[in-house]
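Read through the structure below, which is laid out as structure tokens, and then see the notes.
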Amino acid sequence: EVWNPAGKHRVVSTKSMPGTRWIRLLTDADCRLEICTEKKTILDVEDIQALIGDKCDGVIGQLTEDWGETLFSTLKRAGGTAFSNMAVGYNNVDLNAANTYGIAVGNTPGVLTETTAELAVALTVSASRRVVEADQFMRAGLYDGWLPHLFVGNLLKGQTVGIIGAGRIGSAYARMMVEGFKMNLIYYDLYQSTRLEKYMTAYGEFLKSQGEAPVTWKRASTAEDVLRDADVISLHPILDKTTYHLINKDRLSIMKKEAVLVNASRGPVIDEAALVNHLKANPMFRVGLDVFEDEPYMKPGLAEQKNAVVVPHIASASKWTREGMATLAALNVLGKVKGYPVWPDANK
Ligand code: DGY
8 EVWNPAGKHR
18 VVSTKSMPGT
28 RWIRLLTDAD
38 CRLEICTEKK
48 TILDVEDIQA
58 LIGDKCDGVI
68 GQLTEDWGET
78 LFSTLKRAGG
88 TAFSNMAVGY
98 NNVDLNAANT
108 YGIAVGNTPG
118 VLTETTAELA
128 VALTVSASRR
138 VVEADQFMRA
148 GLYDGWLPHL
158 FVGNLLKGQT
168 VGIIGAGRIG
178 SAYARMMVEG
188 FKMNLIYYDL
198 YQSTRLEKYM
208 TAYGEFLKSQ
218 GEAPVTWKRA
228 STAEDVLRDA
238 DVISLHPILD
248 KTTYHLINKD
258 RLSIMKKEAV
268 LVNASRGPVI
278 DEAALVNHLK
288 ANPMFRVGLD
298 VFEDEPYMKP
308 GLAEQKNAVV
318 VPHIASASKW
328 TREGMATLAA
338 LNVLGKVKGY
348 PVWPDANK
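Right, here's the structure in full:
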């Protein structure tokens, strides 16, 4: 699909994206925009090389693509200067290779913070209260009357929520759980972000001023402390060498037998094969997963586990957010192609 065919700057988007604002931004700024209409969901490196062709100023790409040496050198040869990942995460992008070829890299933070945190909350509640299991039971025509034991799950109020990775999304999730469900908080963050500390201090003051019962909170010095103490654990770190298989067999074994584990970050943060074994051995342990180690596949055995709620990487999938991501992705490329400062620039 080609927009503004006579445009001076050739910009390629490897996928169609929601909304039209991003298209207008590019075409109004004298870009010829080519949107790939290939049916295949995940494009491989050769597909993208063909899209880049001989002349290309910038590319908007997706988290499912492998942006490394090959693609950045191809883009450089085509005269390109900008690549924007339509995602906040950029573990699919080799920043060193981008730097080597002088390609600026942008991502799309900010607009997906609450949307992603909300989905993590939805997974938490669904897993804790067995919502999906109960839905399937109902649809199967198995409900024949109220029973005291039917789908008994865990109450969130007054329990402890644990966060690993307290950046923008982790902090938003923590606020939703603490305020919404009056949960106590324990969190671990590699980066010395103080946003959650400030928030919890202010929230504590607020509860006091209202004469309401306090919630407790603690910044843990290890991930293990969170795993041991929390009733609900939500994972929000970036994926890199230090967080690959952060949740493994040993760490699963220190968690409470009835804990709820939620992951809306990146699949490989959990050793999924170890998780499947743990779910089988501990029927009261529950998970809510938006992401998978070998996406789009699930490890054998996971789909059969009733104590797992699984959704297909939809944490940022609200209309407002996806349109915002598309707009930011276009702005990143546009800024570089037109010589404006690129924001945000993951190269820095
Ligand atoms: C991201 O942005 O990194 C999400 O995984 C998709 O929105």
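Take 8 as the starting number for the sequence shown in UniProt numbering and just add one per residue. All residues carry an ideal CB built from backbone N, CA and C; glycine is no exception.
DSSP three-state assignment for residue i, whether helix, strand or coil
i	result
Ala237	coil
Glu219	coil
Ala337	helix
Tyr206	helix
Ile49	coil
Leu33	helix
Ser20	strand
Ser260	helix
Arg329	helix
Ser200	coil
Glu8	coil
Ala111	strand
Gly342	helix
Asp61	coil
Proximal residues to residue i (C-beta, below 6 Å), its chain only, five neighbours per side dropped
i	result
Glu300	Gly274, Pro275 and Glu279
Ser23	Ile42
Cys63	Arg17, Val19, Ala85 and Gly87
Arg235	Ile261
Lys225	Ile193
Trp29	Ala333, Thr334 and Ala337
Gln56	Thr81
Tyr210	none
Best match in the options for proximity to residue i [C-alpha to C-alpha]
i	options	result
Val298	Leu246, Ala89, Gly331 and Asp257	Leu246
Ile170	Ser80, Thr229, Met145 and Asn161	Thr229
Gly295	Asp61, Val139, Cys38 and Leu102	Val139
residue 7	Ala179, Pro303, Ser133 and Ile110	It is not possible to answer for residue 7, since the shown part of the chain is limited to 8 through 355.
Pro319	Tyr180, Asn270 and Ala147	Asn270
Gly26	Gln217, Arg329 and Gly342	Arg329
Met291	Thr77, Lys263 and Pro303	Lys263
Asn314	Thr77, Gly117, Ile49 and Ala141	Ala141
Gly60	Val233, Thr71, Met184 and Lys83	Lys83
Ala115	Phe90, Gly109, Arg136 and Arg137	In the sequence as presented, Ala is not what sits at residue 115; that position holds Thr. When each option's Cα is compared against that of Thr115, the closest is Phe90.
Asp51	Ala36, Leu32 and Leu78	Leu78
Ala322	Asp238, Val9, Val118 and Gly75	Val118
Val316	Trp327, Ala324 and Leu286	Leu286
Lys345	Val267, Tyr304, Leu33 and Pro155	Leu33
Met305	Ser325, Lys326, Tyr180 and Val283	Val283
Lys47	Arg146, Asp35 and Glu72	Glu72
Ala173	Glu186, Thr201 and Ser325	Thr201
Own chain partners of residue i with C-beta closer than 7 Å, once the 5 adjacent residues on each side are dropped
i	result
Ile176	Thr120, Thr123, Ala124 and His243
Glu45	Asp54
Asn354	Confidence at Asn354 is low in this model, with a pLDDT of 49, below 50, so the placement of that residue should be treated as unreliable; the coordinate-derived value is given next. Closer than 7 Å at Cβ, skipping near neighbours: Leu102, Ala105, Asn106, Ala111 and Val112.
Lys343	Gly65, Thr88, Ala89, Ala111 and Val349
Ala179	Thr120, Glu121 and Ala124
Cβ shell of residue i (< 8 Å), same chain only, five flanking positions each side left out
i	result
Arg214	Inspection of the sequence shows that residue 214 is occupied by Leu rather than by Arg. Counting only Cβ-Cβ distances below 8 Å, and skipping sequence neighbours, we find Ala220, Pro221 and Val222.
Ala13	Arg39
Any chain B beta carbon closer than 8 Å to residue i
i	result
Gly160	Among the protein chains of the structure shown there is no chain B, as only one such chain exists.
Practice problem: Would you be able to state if there are at least three C-beta pairs under 8 Å between the segment 65-75 and the segment 10-20? | Solution: Counting Cβ pairs under 8 Å, three or more are found: they touch.
Practice problem: Would you check if there are 3 or more beta carbon pairs closer than 8 Å linking the segment 123-139 to the segment 194-205? | Solution: In short, these stretches do not touch, since the Cβ pair count stays below three.
Quiz item: Hey, which unbroken runs of the alpha helix (DSSP H) at 4 residues or more fall wholly within the segment 159-196?
Solution: Counting whole runs of 4 or more residues, the segment 159-196 contains the alpha helix (DSSP H) stretches 175-188.
Self-check item: Inter-stretch contact at 8 Å, needing at least 3 Cβ pairs: the segment 329-343 / the segment 300-314
Solution: Touching, no, given that fewer than three Cβ pairs across the two stretches are closer than 8 Å.
Exercise. Note down, one range per segment and in chain order, each alpha helix (DSSP H) of at least 4 residues found wholly within the segment 67-102.
Key: Every unbroken stretch of the alpha helix (DSSP H) spanning 4 or more residues and falling wholly within the segment 67-102 is given here in chain order: 76-84.
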